[in-house]
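Protein chains: 2
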Amino acid sequence: MPLLMLKDLPRYECLLEAAREYPDLDPSATEVFLNLLRTGDEAFRVTEDHLAQHDITHGRFGVLMALWGNCHREGRETPLGPAEIAERTGVTRATVTGLVDTLERAGFVARTPHSDDRRMTSVALTLAGEAVLAKILPEHFRQMAWLMGTLTESERKAFVQLLTKVMARAAERPVAVAEELAVAAARV
Amino acid sequence: MPLLMLKDLPRYECLLEAAREYPDLDPSATEVFLNLLRTGDEAFRVTEDHLAQHDITHGRFGVLMALWGNCHREGRETPLGPAEIAERTGVTRATVTGLVDTLERAGFVARTPHSDDRRMTSVALTLAGEAVLAKILPEHFRQMAWLMGTLTESERKAFVQLLTKVMARAAERPVAVAEELAVAAARV
DNA sequence: GGCAGACGGTTAGGCGCCTAACGACAATTG
DNA sequence: CAATTGTCGTTAGGCGCCTAACCGTCTGCC
Numbered sequence: 001m002p003l004l005m006l007k008d009l010p011r012y013e014c015l016l017e018a019a020r021e022y023p024d025l026d027p028s029a030t031e032v033f034l035n036l037l038r039t040g041d042e043a044f045r046v047t048e049d050h051l052a053q054h055d056i057t058h059g060r061f062g063v064l065m066a067l068w069g070n071c072h073r074e075g076r077e078t079p080l081g082p083a084e085i086a087e088r089t090g091v092t093r094a095t096v097t098g099l100v101d102t103l104e105r106a107g108f109v110a111r112t113p114h115s116d117d118r119r120m121t122s123v124a125l126t127l128a129g130e131a132v133l134a135k136i137l138p139e140h141f142r143q144m145a146w147l148m149g150t151l152t153e154s155e156r157k158a159f160v161q162l163l164t165k166v167m168a169r170a171a172e173r174p175v176a177v178a179e180e181l182a183v184a185a186a187r188v
Numbered sequence: 189m190p191l192l193m194l195k196d197l198p199r200y201e202c203l204l205e206a207a208r209e210y211p212d213l214d215p216s217a218t219e220v221f222l223n224l225l226r227t228g229d230e231a232f233r234v235t236e237d238h239l240a241q242h243d244i245t246h247g248r249f250g251v252l253m254a255l256w257g258n259c260h261r262e263g264r265e266t267p268l269g270p271a272e273i274a275e276r277t278g279v280t281r282a283t284v285t286g287l288v289d290t291l292e293r294a295g296f297v298a299r300t301p302h303s304d305d306r307r308m309t310s311v312a313l314t315l316a317g318e319a320v321l322a323k324i325l326p327e328h329f330r331q332m333a334w335l336m337g338t339l340t341e342s343e344r345k346a347f348v349q350l351l352t353k354v355m356a357r358a359a360e361r362p363v364a365v366a367e368e369l370a371v372a373a374a375r376v
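Taken in sequence, the protein lines are chains A and B. Oh and the first sequence: position 141 is 141 in the working numbering, straight run, nothing missing. Add 188 to a position in the second sequence, counting from 1, and you land on the number used in the working numbering.
Here it is in structure tokens:
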């Protein structure tokens with residue numbers, strides 16, 4: 001998350017006070033929200049710092065992981081097109097173009113034209129790309145394990161359930177936004 | 189989070205399988221990590237979309253909120269300098285310069301030179317800035333309340349505790365990174 | 001067969017964020 | 001009082017990400 005969050009989250013009393021002026025403010029919901037974004041950002045930066053040591057950004061890492069195989073090389077050699085990579089990593093095709101440019105310049109991936117469909121291009125890991133992944137991944141996994149090291153297995157399970165609930169809620173957003181836009185349009 | 193996350197998180201069986209090849213991979217830790225980043229990103233985007241309707245980005249919003257008062261206007265009129273804003277919002281001073289530029293162009297904040305110390309500049313909300321906040325905040329609060337609406341009070345409490353634990357762990361990161369860099373330096 | 005439309009990848013332009021470096025000023029020191 | 005050191009805000013340059021628009025290519029339908 002390229003983000004930006006209030007460094008010192010507001011104390012709960014401050015939320016309670018603000019709630020008196022803004023009846024829409026739900027103190028406990030706000031607290032969860034702020035902590036969620038803040039923690040996500042913090043976790044993000046932990047891995048970001050590590051990846052940076054290998055000149056890899058999260059964007060580039062996402063591309064490499066997508067090429068590495070979604071469920072760990074389902075078909076062994078699975079070259080993907082930029083559109084497919086964009087789909088799997090959740091960025092736009094335009095962004096993938098830039099990321100692949102950088103990775104290709106670094107020698108970690110290679111573009112090869114598709115024989116059947118001349119619109120398409122295949123992107124595949126090079127040996128250097130596999131090598132850098134082999135170098136990065138163990139430490140990357142250790143980072144995640146260390147970060148969650150204070151949580152017991154049952155805590156982790158509960159954590160994932162809570163996150164999943166919120167994620168499901170957020171996924172309904174398009175509907176809410178559509179309604180909102182409709183309301184906004186009606187107001188004009 | 190400017191981010192980028194695997195759109196479809198890997199299934200747990202895939203993590204188990206990958207763990208066989210990479211002993212450092214802790215499946216449950218990885219699962220929590222991925223869900224955390226993904227959910228944080230999703231929540232981030234929910235508010236991002238709403239703010240965008242008012243031509244406000246998260247960066248700009250952070251500046252406005254910082255000016256609005258950390259614990260909701262502690263001293264009523266509290267003009268801040270860019271350095272202070274950067275400190276509170278967690279971005280660099282250079283970034284604040286750009287954000288304030290944009291906000292000033294939009295008429296939401298105003299810069300005034302400091303009388304005592306001529307290095308310093310004060311940034312304060314204008315009336316238009318307060319107005320746009322008054323327009324945005326109610327809906328913003330509603331978004332957060334809606335997003336957490338599926339969670340009970342006790343779930344929220346547990347959630348915050350889990351997030352806090354991970355955040356505390358992440359805060360230890362500088363130490364770990366320092367050690368790592370020392371190791372890397374020793375290797376050369 | 002021919003043409004409209006859909007789809008692939010890229011380009012152009014913009015914003016947020018960063019680091020590194022600058023010029024102006026203030027505070028500290030000999 | 002002069003020189004160093006530190007701080008403040010800004011600038012310059014880079015990357016990731018976006019949207020909008022662009023070409024080249026394939027495809028479906030008549």
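For every residue, glycine included, the Cβ atom is placed at its ideal position computed from N, Cα and C. Fair warning: this is a prediction, and the values are worked out from it, not measured in the lab.
Is residue j closer than 7 Å to residue i when the C-beta atoms are compared?
i      : j      : result
B:P211 : B:L203 : no
A:F108 : B:L350 : no
B:M355 : A:T39  : yes
B:A231 : A:A170 : yes
B:K456 : A:T150 : Here chain B comprises residues numbered 189 to 376, so residue 456 of chain B is not present and cannot be evaluated.
B:R233 : A:V32  : no
B:G250 : B:T277 : yes
Under 8 Å Cβ-Cβ, which residues of chain A neighbour residue i?
i      : result
B:R344 : S28, A29, E31, V32
B:G269 : By Cβ distance, chain A contributes nothing, its closest Cβ being about 16 Å from B:G269, past 8 Å.
B:L335 : A29, F33, V166, R169, A170
Thinking C-alpha only, which one of the options is nearest residue i?
i      : options                        : result
A:V34  : B:M332, B:H238, B:G247, B:A346 : It is Leu, not Val, that sits at residue 34 of chain A in the sequence shown. Ranking the options by Cα distance to A:L34, first place goes to B:M332.
A:T102 : A:T47, A:T152, A:H50, A:T57    : A:T57
A:H114 : A:R105, A:L133, A:P79          : A:P79
B:R293 : B:R248, B:E360, B:E201, B:R306 : B:R248
B:D243 : B:D196, B:L321, B:Y200, B:L197 : B:L321
B:D196 : A:P10, A:E21, A:D41, A:E84     : A:E84
B:E209 : A:E153, A:E172, A:L137, A:T152 : A:L137
So with CB distances below 7 Å, who are the chain B contacts of residue i?
i      : result
A:T92  : None at all; the shortest Cβ gap to chain B is about 10 Å.
A:F108 : None at all; the shortest Cβ gap to chain B is about 17 Å.
A:E153 : S216
A:D101 : The premise fails here: A:D101 is roughly 16 Å from chain B at the closest Cβ pair, so nothing lies under 7 Å.
A:P113 : Result: empty, since nearest Cβ-Cβ is about 26 Å, beyond 7 Å.
A:L137 : Y210
Might you give, ordered along the chain, the residues of its own chain that have their beta carbon closer than 6 Å to the beta carbon of residue i, omitting 5 neighbours on each side?
i      : result
A:A52  : none
A:H72  : Low confidence applies here, because A:H72 scores a pLDDT of 48, under 50, leaving its location unreliable; read the following figure in that light. Cβ neighbours of A:H72 beyond the five flanking positions: none.
B:T300 : S310
A:Y12  : none
A:A131 : none
Give me, in chain order, the residues of the same chain whose beta-carbon lies closer than 8 Å to that of residue i; leave out the 5 immediate sequence neighbours on both sides.
i      : result
A:G129 : L64, L67, L103, G107, F108, V109
A:P82  : R93, V96, T97, V100, T121, V123
B:D274 : For the sequence presented, residue 274 of chain B should be read as Ala rather than Asp. Contacts found: T280, R281, T283, V284.
A:L36  : V166
A:E153 : none
A:A185 : Any reading at A:A185 must be qualified, since the residue scores a pLDDT of 47, below 50, and its modelled position is unreliable; no value is offered.
Using the DSSP secondary-structure output, state which residues sit across from residue i in a beta bridge.
i      : result
A:P113 : A:T121
A:L80  : A:V123
Among the residues of its own chain, which have a CB less than 7 Å from the CB of residue i, if the five just before and after it don't count?
i      : result
A:A18  : L25
B:H238 : E327, H328, Q331
A:L147 : A43, V46
A:T126 : G107, F108, V109, A110
B:P198 : none
A:E172 : none
Given that residue i touches chain A, what residues does it touch there, using C-beta distances under 7 Å?
i      : result
B:K353 : T150, L151
B:V348 : E31, V32, N35
B:R382 : A query on residue 382 of chain B cannot be resolved here, the shown segment of chain B reaching from 189 to 376 and no further.
Run down chain B in chain order and give the residues with a C-beta less than 8 Å from the C-beta of residue i.
i     : result
A:D55 : Chain B residues near A:D55: none, gap ~13 Å exceeds 8 Å.
At 9 Å on the CB atoms, spell out the chain B contacts of residue i, in chain order.
i      : result
A:L125 : Correct list: empty, because the minimum Cβ distance to chain B is about 16 Å.
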